[in-house]
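Everything below concerns the one structure shown next.
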Amino acid sequence: MHRWSQLFIPTLREAPADAEVASHKYLLRSGYVRQLAAGIYSYLFLGQRAMLKITQIVREEMDKIGQEFYLPALHPAEIWQESGRWQVMGDNMFRLKDRKGADLCLGMTEEEVMTSIARRELRSYKQLPQIWYQIQSKFRDEPRPKSGLLRVRQFTMKDSYSFDLDPAGLDVSYQKHYDAYCRIFDRCGLRYVVVEAHSGAMGGSQSHEFMVYTDAGEDFVVSCPNCRYAANLEKATSRLDVVEDYPDVGDGKPAPVHTPGMKTIEDVAKFLDVSPKNKMKTLALMATDAEAEAGKPREIPVVAFLRGDHSLNEAKLSAAIGTADFRPMRPEEIEAVFGSPAGFLGPIGSENWHYQGIKAKVLVERALLGRKNLIAGANREDYHLRNVTPQRDFPVANHQWADLRAVEAGEGCPNCGTPLKVAKAVEIGHIFKLGYKYAESMGARVLDKDGKEVVPIMGSYGIGIERILTAAIEENHDSDGFFLPPQIAPFEVVVTPINVADEKLRSVAQEIAAKLQQAGHDVLLDDRDERPGVKFKDADLVGIPFRVNVGSKKVAEGKVEVFHRSTRKSEDASIPEIIDIVGNLLRHGQ
RNA sequence: CGGGGCGUAGCGCAGCCUGGUAGCGCACCUGCCUUGGGCGCAGGGGGUCACAGGUUCAAAUCCUGUCGCCCCGACCA
Numbered sequence: 003m004h005r006w007s008q009l010f011i012p013t014l015r016e017a018p019a020d021a022e023v024a025s026h027k028y029l030l031r032s033g034y035v036r037q038l039a040a041g042i043y044s045y046l047f048l049g050q051r052a053m054l055k056i057t058q059i060v061r062e063e064m065d066k067i068g069q070e071f072y073l074p075a076l077h078p079a080e081i082w083q084e085s086g087r088w089q090v091m092g093d094n095m096f097r098l099k100d101r102k103g104a105d106l107c108l109g110m111t112e113e114e115v116m117t118s119i120a121r122r123e124l125r126s127y128k129q130l131p132q133i134w135y136q137i138q139s140k141f142r143d144e145p146r147p148k149s150g151l152l153r154v155r156q157f158t159m160k161d162s163y164s165f166d167l168d169p170a171g172l173d174v175s176y177q178k179h180y181d182a183y184c185r186i187f188d189r190c191g192l193r194y195v196v197v198e199a200h201s202g203a204m205g206g207s208q209s210h211e212f213m214v215y216t217d218a219g220e221d222f223v224v225s226c227p228n229c230r231y232a233a234n235l236e237k238a239t240s241r242l243d244v245v246e247d248y249p250d251v252g253d254g255k256p257a258p259v260h261t262p263g264m265k266t267i268e269d270v271a272k273f274l275d276v277s278p279k280n281k282m283k284t285l286a287l288m289a290t291d292a293e294a295e296a297g298k299p300r301e302i303p304v305v306a307f308l309r310g311d312h313s314l315n316e317a318k319l320s321a322a323i324g325t326a327d328f329r330p331m332r333p334e335e336i337e338a339v340f341g342s343p344a345g346f347l348g349p350i351g352s353e354n355w356h357y358q359g360i361k362a363k364v365l366v367e368r369a370l371l372g373r374k375n376l377i378a379g380a381n382r383e384d385y386h387l388r389n390v391t392p393q394r395d396f397p398v399a400n401h402q403w404a405d406l407r408a409v410e411a412g413e414g415c416p417n418c419g420t421p422l423k424v425a426k427a428v429e430i431g432h433i434f435k436l437g438y439k440y441a442e443s444m445g446a447r448v449l450d451k452d453g454k455e456v457v458p459i460m461g462s463y464g465i466g467i468e469r470i471l472t473a474a475i476e477e478n479h480d481s482d483g484f485f486l487p488p489q490i491a492p493f494e495v496v497v498t499p500i501n502v503a504d505e506k507l508r509s510v511a512q513e514i515a516a517k518l519q520q521a522g523h524d525v526l527l528d529d530r531d532e533r534p535g536v537k538f539k540d541a542d543l544v545g546i547p548f549r550v551n552v553g554s555k556k557v558a559e560g561k562v563e564v565f566h567r568s569t570r571k572s573e574d575a576s577i578p579e580i581i582d583i584v585g586n587l588l589r590h591g592q
């Protein structure tokens, strides 16, 4: 039996000043964690117990679909060089050398290690499919660790990898994970949404993220209140209201208008009395060429046209151009490409743009498809053009149309047209169809039924263990502390004798705690010689969902009190009944 | 990496501008007292003022540099 008086639960009356988000403050105040360095935390007794509860749930559900491994956290550089990620990961990877000078790194994920096992061992289609998982520390040299356990440099991840003979098999493995993740997050008591996710420039085909809504989160989720549509902002689309185009004027060709000093969409719209929806916005960027020779990074000019009132989503742009490494053009570069200063840029002549001999990549946002007679810059200082119509006045090849704009709240759901909502969320899990990338580059092959060598197709699937804890606290806190769902709380119930100097109270509390424990519950006995206020405040703080108060007045009537942390309501219970009452609460939730 | 802020006792802070004995609340230790919401009284311990260099008779305080941490932006479980 755990007795509070013997335990190390260093609660704080005040939170350290640098804790901002609720979960960070309460993890510190409740004595769950202590910080060792930026983004590096020690888990103390209560924190570790909650982590173990969570990993146990994850393990039980994963064991239904896969096999648990335990892989090294320390990796030789070679395997990462083989997959190409030694370069790609850049500064996000912790790197070190051994005494012989050989390069090593700390694992960020384990595609390479898993694939290196697969390529040595998997020989035949008969061995497929396989799902292998592990629960392990991961290391990422985050540019900016923050928000307590939300974004850290060392964290615990459940990561799994599937190997299948063909895409149909991958679909099955993927769906198994989808279902297992739902069971895991349900059992952890989280309210989550599954969203379509941006699958990155790495060639993955399908991807879902499991998100918990919270203002502490760093992602934006677009969701439909009516149908089931939900997507990461990086991927979301919307149905736009039809915009009325201006009528044809004159000979139907672009016509210059003098717009002295009118450099912004708003200036021009006001000056010409037109709507930004009938304008074109021109974005001029320089992107690093992923295909350039090693050691010679080359920059490609990229020009994107959007509807005047739309804004660019950078993740969508990076998917469209194949690199996330881009920046706005400098003024002299803009002059060189357009022959005009910023503020008056437009699409006419786009087929011939180049910078230092490199042809510009031109993209046109899909919302401009079918529009006509727009207002755009004239590529001439102090002039704009009316009557600009894509494809008539400047060429747009099929591959140049791109989804680049950020969806905004209130736009129509792509499925049903209902106004969409946008909310902040934290990502707790991610499932991802990897395809052939790692198996191909690292040389994993199996023989199929016909004796033909084929590359197995892979999936990769992650869950952030700390983020489950963090999300649960973000969802369930008040001014006194937080309360965890019993399944993941470090203790399910705390038994609190009001005055341990009172022999009777002490023995009743002791007996109740012992019986609860015999009934299979995780019980903490608060046997400290403290005033009741101190014990109540601590108990409210540390996330235990139920408390049994053993006080002299009630005990004299043969009763104790059950306190529900989430609702702050109490109910009396006779001492013989208390075991069943608590048992029922724990079985049926709050 | 760009921008901003902060480093003084375990935690929260004052002192710095205008250089001269390092201070407050909470926590901690001892004793008494108290026991249904961080109780009271008395006594006590704890600081190389992030680090290094400089200016000065004298530096927490002024100057320079370094490091650490937090927050806002670009990246991810």
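Position one of the first sequence corresponds to residue 3 (the working numbering), numbered consecutively onward.
Using N, Cα and C, we set each Cβ at its ideal position, and we do this for glycine too.
Handout entry: Cα-Cα separation between Ser443 and Pro458, rounded to whole angstroms
Key = 12 Å
Problem - Gln520, DSSP secondary structure in three states - result: helix
Exercise for the section: Report yes or no: do the segment 339-350 and the segment 271-285 share at least 3 C-beta pairs separated by less than 8 Å? Expected result: yes
Handout entry: Collapsed DSSP secondary structure at Asn315 in the structure displayed
Key = Correct three-state label for Asn315: coil.
Handout entry: For Ser572, the nearest candidate out of Ser352, Val550, Asn354, Glu559 (CA to CA)
Key = Closest in alpha carbon position to Ser572, among Ser352, Val550, Asn354, Glu559, is Val550.
Exercise for the section: Determine the contact status of Gly109 and Ala79, defining contact as a CB-CB distance below 7 Å. Expected result: no
Handout entry: Residues of its chain near Met95, where Cβ-Cβ distance is below 7 Å and the 5 sequence neighbours each way are ignored
Key = Cys107, Met110, Asp143
Practice task
Let me know the secondary structure DSSP gives Thr391 once reduced to three states.
Solution key: coil
Exercise for the section: Can you tell me which of Phe212, Ala17, Pro547 puts its alpha carbon nearest to the alpha carbon of Gly466? Expected result: Phe212
Handout entry: Own chain residues within Cβ distance below 8 Å of Ser554, not counting five before or after
Key = Ile500, Asn501, Asp504, Lys506, Leu507
Exercise for the section: Find the nearest neighbour of Cys184 within the set Gln519, Ile433, Tyr357, Asp528, judged by alpha-carbon distance. Expected result: Ile433
Practice task
Quick one: using the 10 Å Cβ neighbour count with 16 as the cut-off for buried, is Ile137 buried or exposed?
Solution key: buried
Problem - Terminal residues of the beta strand (DSSP E) in which Lys363 lies - result: 363-367
Handout entry: Helix, strand or coil at Gln208 [DSSP, three-state]
Key = coil
Handout entry: Endpoints, beta strand (DSSP E) assigned at Tyr180
Key = Not the beta strand (DSSP E): Tyr180 falls in the alpha helix (DSSP H), residues 169-189.
Problem - Any non-hydrogen atom of the ligand ADP within 6 Å of Val339 CB - result: The model on display carries no ligand, and the ligand ADP is accordingly not part of it.
Handout entry: Residues near Glu477 by beta carbon distance below 8 Å, same chain, minus five either side
Key = Leu192, Arg193, Val214, Thr216
Exercise for the section: Between the Cα of Ile133 and those of Asp173, Lys140, Val154, spot the shortest distance and give me the residue it belongs to. Expected result: Asp173
Handout entry: Host alpha helix (DSSP H) of Lys27 (start-end)
Key = 24-31
Practice task
From the DSSP output, read off the bridge partner residues of Gln69.
Solution key: The beta-bridge partner set that DSSP reports for Gln69 consists of Trp134.
Practice task
Check Asp269 in the structure and name its three-state DSSP category.
Solution key: Here Asp269 sits in helix by DSSP.
Exercise for the section: With Arg122 as the anchor, note down where its alpha helix (DSSP H) starts and where it stops. Expected result: Counting along the chain, the alpha helix (DSSP H) containing Arg122 begins and ends at 113-123.
Practice task
Check the C-beta distance from Gly545 over to Ala491 and give it rounded, since I have them as a contact under 8 Å.
Solution key: 6 Å
Practice task
Evaluate Met460 with the Cβ neighbour count: other Cβ atoms within 10 Å of its Cβ, from every protein chain shown; 16 or more gives buried, anything less gives exposed.
Solution key: buried
Handout entry: Segments of 4+ residues assigned as alpha helix (DSSP H) that fall wholly inside the segment 391-454
Key = 439-443
Handout entry: N- and C-terminal bounds of the beta strand (DSSP E) containing Glu198
Key = First-last of the beta strand (DSSP E) with Glu198: 195-198.
Exercise for the section: Evaluate Cys229 with the Cβ neighbour count: other Cβ atoms within 10 Å of its Cβ, from every protein chain shown; 16 or more gives buried, anything less gives exposed. Expected result: exposed
Problem - Gly254 classed as buried or exposed, judged by whether at least 16 other C-beta atoms fall within 10 angstroms - result: Per the 10 Å Cβ criterion, exposed.
Exercise for the section: Let me know the secondary structure DSSP gives Glu494 once reduced to three states. Expected result: coil
Exercise for the section: Tell whether a beta-carbon distance below 7 Å holds between Lys237 and Glu198. Expected result: yes
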